[in-house]
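1195 is the number of the first residue of the sequence shown in my numbering; add one for each residue after it.
Heads up, the beta-carbon is just placed ideally off N, CA and C, and yes, glycines get one too.
Please read all numbers here as calculations on a predicted model, not as lab measurements.
I have placed the structure first, in the form of structure tokens, so that the comments after it can refer back to it.
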Amino acid sequence: MTILCRPGVVLIPTFHEFASEWIGRKEAAGLGARTIADYKWALELHLLPHLAHLRLDQITKRVVDDYAAAKLREGVLSAGTINKTLVRLAQILGDAVEYDLLPANPAAGKRRRLKAQKPRRPWIEPEQLMALLEAGQGYLHGRGRPLLATLAGTGLRIGEALALERRHVNLARGTLTIERSKTDAGVRVVDLTPALRDELALWMDSSRFKRPSDPVFPTLKGAFDNRQNVRQRLLLPAIEKANVKLSQLGVEQIGSVGLHGLRRTFASLRCAVGDDPAYTSSQLGHEDPTFTLKTYTMAVKRREKLTKSERKAFDRAVEWAQMGTNPPIVVAPAPTNGEPEHEETRRFQRASEMGGTGLEPVTPSLSSWCSPN
């Protein structure tokens, strides 16, 4: 985009020109491919067909409202999805205001949004988690359970988990490092619980791909996996299998849920073990702790309504999520008989074969439950 100036005159670009430059800046800033795809979807399929020819100063509040009404009449997008395109429009015009191309942002504010039903954010509740982890065993050639455990035990986004390389996991310290994320707060070091560290140690010992740059959860050919494959070949069949077990236990079955819902599961578990909300928020990579605080409050109120069988399943998940202390893993000489490399991993494997976890039992202290205050 080129803005030509004459003395006292600024030629305002069209929305098409400015939006093209805007998306180019976002790509140059290194935003993820999925985020860029979402931005282009809103622009190319919805905003540009209506607004491309208009100069920025011709986009008024009335024009924004007319756009929203026209999209609603089309009957293709829900009100909530149309609002998402309006959020993108407000972002673009917000930059125009910063560049002194507009005096105010005509797309900003709740009054420019359509009335929409509040979306239900489904997640996996703690009492459903252990059944899901057990159901994930055997899917994706053995990486199903450790991947689900990592998502629920660290709060990682699925993209962050699939991008993990072996060098990012420090089993001795009990941490993993996220080097790239959608926000600055997302670049972080995440603590591993003893139970999750054991599961990762067992999985990483069994993997054929052991170079530092190899994926932690590789495909059969050693490549990085994708979220669609994980959803179709792990999450959906594991939920179906877990629901059979949950029904037998008298626990509510898992409904329609995505991989992102395991971040909420992580926050609920951290509440149950008594972690500080600020710590949990930093582990999730959130800049704003509002989500974590809201989750804590809802978890406290909800637990009182659980049945006896649900509480028993809930306490299993709490035991699994206990942070405790991570003793150092002693690296033994490379095995010659095909056994795992670490004694702690061998202990976990032997216990798993016997139906346990290889961990010392930990009784959760229910007195450490968070309160809404």
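| Query | Result |
| --- | --- |
| What residues in its chain sit with their C-beta under 6 Å from that of L1342, if we drop five residues either side in the sequence? | L1327, G1330 |
| For V1381, does the three-state DSSP call read helix, strand or coil? | coil |
| In whole angstroms, what separates the C-alpha of K1415 from that of F1403? | 9 Å |
| For the alpha helix (DSSP H) holding L1370, just list the boundary residues, first then last. | Note, L1370: premise wrong, no alpha helix (DSSP H); beta strand (DSSP E) at 1369 to 1372. |
| Looking only at C-alpha atoms, which of T1387, A1436, L1443, W1397 sits nearest to V1512? | T1387 |
| Let me know the secondary structure DSSP gives T1208 once reduced to three states. | strand |
| If we call anything under 7 Å between Cβ atoms a contact, is R1307 one with N1277? | yes |
| Hey, quick one: how far does the alpha helix (DSSP H) through T1387 stretch, first residue to last? | T1387 -> no alpha helix (DSSP H), and no H or E assigned at all. |
| Helix or strand or just coil, what does DSSP make of R1351? | coil |
| Measuring only the C-alpha atoms, how far is E1434 from H1335? | 18 Å |
| Just how far apart, CA to CA, sit A1290 and K1234? | 18 Å |
| Taking a contact to mean a Cβ-Cβ separation below 7 Å, would you say T1369 touches D1392 in this structure? | no |
| With burial defined as no fewer than 16 other Cβ atoms inside 10 Å of the residue's Cβ, what is the status of S1462: buried or exposed? | buried |
| Are there 16 or more other CB atoms within 10 angstroms of the CB of Y1261, so buried, or fewer, so exposed? | buried |
| Using a Cβ-Cβ cut-off of 6 Å (strictly less than) and excluding sequence neighbours within five positions of R1510, which residues of its own chain qualify? | M1324 |
| Count the other C-beta atoms from every protein chain shown that fall within 10 angstroms of the C-beta of N1299, then say buried if there are 16 or more, exposed otherwise. | buried |
| Can the beta-carbon of L1241 be found less than 7 Å from the beta-carbon of T1279? | yes |
| Classify E1238 as helix, strand or coil using the three-state DSSP reduction. | helix |
| Quick check: the region 1411 to 1427 against the region 1437 to 1445, are at least 3 beta-carbon pairs closer than 8 Å? | no |
| From the DSSP output, in three-state form, read off P1320 for me. | helix |
| Look at the alpha carbon of I1372 and the alpha carbon of R1267, and state the distance between them as a whole number of angstroms. | 43 Å |
| Helix, strand or coil for V1270, going by three-state DSSP, please let me know. | coil |
| Going straight from the alpha carbon of P1207 to that of W1514, what length do you get? | 57 Å |
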